[in-house]
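Undergrad:
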Amino acid sequence: MQSRAKMLGHAVHPILIVFPLGLLATAVIFDIIRLVTDRDSFALSAGHMIGAGLVGGAVAAVFGLVDWMAIPAGTRAKRIGALHGAGNAVVVLLFLVSFLLRLNSTEPWQPNALALMCSFVGFAIAGMTGWLGGELVERLGVSVDDGANVDASSSLSRAPARATRSAGGRRTPATVTGKSSHPKTAIAVVRVGPYHRDLGLPRCPTATYGGPAVPPGTVVVSG
Ligand code: HEM
């Protein structure tokens, strides 16, 4: 299913999540470097990165919520999305506590043990919620264009992803030559131009096409 919040044809949420994930993870790395080297400048950088990561996380979460609301109720994707969203809310809260502790520290921006613990636990949870995000996209097809395939047309075109590219960028006419071999499913057998490439099928002059049942002789256009 397609994302509801898109920019230039691509989902906004995955574009924005690089900010919280990158900034908060780097803050944890800087905290570790500071623990090892005892150089306060790393704690200063970590504190500021957490602040920026929190802003990025809040903005990214809005677009994630928009996409999650469009997932049909009762599906596994809805449940995984809820777990992912709630887990990330906990991550943001933990880093917020860490940030406030650093902000109010007697030595400016130096984290105490609790601030460090909040960051480290938040980082660990973010690893799990990130995996759930990948599950949503790669396994459950959330935010994937319907009919996405290795030869789909550009996201900037108005054509659906299901439509295939044809040589020279032209649309390829396809003629329906037979009826579905599956009486209960709407599949037609079509003969297409020499440049036709089908979803996952080897290049061939005849292909089985999903879609509405159409009578033999009909000319359909792909691309
Ligand atoms: C700090 C906050 C968040 C972070 C860091 C984050 C991170 C991620 C990551 C890493 C993915 C996988 C992207 C990919 O593999 O392309 C993802 C996907 C997704 N997340 Fe989040 N997420 C956050 C908040 C939320 C919230 C609050 C929701 C609402 C329930 C949400 C809903 C989704 C959905 C529906 C997807 C599937 C892809 C899409 O819709 O674009 N996320 N998220």
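Add 3 to the 1-based position in the sequence shown for this note's numbering, that's all there is to it.
Built from N, CA and C at the ideal position, the CB exists for glycine as well.
All figures in this text were calculated on a predicted structure; none of them were measured in a lab.
1. With a floor of 4 residues, list each alpha helix (DSSP H) that falls wholly inside the stretch 45-107, ordered by position along the chain.
2. Identify, in the order they occur along the chain, each residue of the same chain with its Cβ nearer than 8 Å to the Cβ of G88, setting aside the five sequence neighbours on each side.
3. Starting from the C-beta of A8, find all residues in its chain whose C-beta is less than 8 Å away, skip the five residues before and the five after it, and write them out in chain order.
4. Any heavy atom of the ligand HEM closer than 8 Å to the CB of S101?
5. Return yes when at least one heavy atom of the ligand HEM lies under 8 Å from the C-beta of L26, else no.
6. What are the boundary residues of the alpha helix (DSSP H) that I32 is part of?
7. What residues match up with M4 in a beta bridge as DSSP calls it?
8. Tell whether a beta-carbon distance below 9 Å holds between F123 and L57.
9. Any heavy atom of the ligand HEM within a distance shorter than 8 Å of the CB on T132?
10. To which residues of the same chain is L86 closer than 7 Å at the C-beta, ignoring the five residues directly before and after it?
11. Determine the direct distance from the alpha carbon of M52 to that of A80, and round the result to whole angstroms.
12. Who does A14 pair with in a DSSP beta bridge?
TA: To lay it out plainly:
1. 79-106
2. A64, G67, L68 and W71
3. A14, V15, H16, F66, V69 and D70
4. no
5. no
6. V21 to T40
7. Answer is none; M4 lacks a bridge partner.
8. no
9. yes
10. L135
11. 31 Å
12. K9
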